[in-house]
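Shown next, in structure tokens, is the structure this report addresses.
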Amino acid sequence: MPVNKITLSDVLEEYVARRKRMGFSEHTVVNDRSNVGALVRHVERHKPIQVRHVTSDHVFDLFYGENGLHSHPDRNGALRKPINEATHNAYRKKIGQFNAFCAKRWLDAGWLAGQRPHRG
Numbered sequence: 555m556p557v558n559k560i561t562l563s564d565v566l567e568e569y570v571a572r573r574k575r576m577g578f579s580e581h582t583v584v585n586d587r588s589n590v591g592a593l594v595r596h597v598e599r600h601k602p603i604q605v606r607h608v609t610s611d612h613v614f615d616l617f618y619g620e621n622g623l624h625s626h627p628d629r630n631g632a633l634r635k636p637i638n639e640a641t642h643n644a645y646r647k648k649i650g651q652f653n654a655f656c657a658k659r660w661l662d663a664g665w666l667a668g669q670r671p672h673r674g
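Under the working numbering, the first residue of the sequence shown is numbered 555, with each subsequent residue one higher.
Listed below in structure tokens is the structure:
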């Protein structure tokens, strides 16, 4: 696939495979897939998106938008409590690492522009 056509979900698979090859623990790789996968699922909920088209607005929407991490329904449709500060920061860290991986290959700017750690 041409580099400029690679989708976010394809990059996630490449990222996870690379983390495995680098010797990260299975637990770390599962957390990477889970945390970054939340971004991928949120951004690609309607259709695949090329990684070059992902913006900081997509990441902001994951955290604070409709059905985002701070306002999301459970399986029965009831609104869950927002994620806590530690969980927010864990997602932010994992997404930042994934962003750095992408930036080395396909991006011009960071997705976490304006996204600060959450403090209570």
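A virtual CB, placed ideally from N, CA and C, is assigned to each residue, including glycine.
One thing to note: L566 has its Cβ no nearer than 8 Å to the Cβ of V608. Only exposed fits V584, as fewer than 16 other CB atoms lie within 10 angstroms of its CB. Sixteen is the threshold: since fewer than 16 other Cβ atoms of the shown chains lie within 10 Å of the Cβ of N630, the residue is exposed.
The region 624–643 makes no contact with the region 592–609, as fewer than three CB pairs between them are under 8 Å. Contact check for V613 against I637 fails: the beta carbons are separated by 8 Å or more. For V597, same chain residues with a beta-carbon under 7 Å away, outside a window of 5 residues either side, are L562, I603, V608, H612 in chain order.
For T561, the secondary structure class from DSSP, reduced to helix, strand or coil, is strand. Residue range 610–618 is occupied by the alpha helix (DSSP H) that includes D611.
Relative to the Cα of H642, the nearest Cα in the group Y618, A654, K658, L633 belongs to Y618. Excluding sequence positions up to five before and after K658, its CB lies less than 7 Å from no other CB in the same chain. In this structure, DSSP gives L633 an extended state, which the three-state scheme calls strand.
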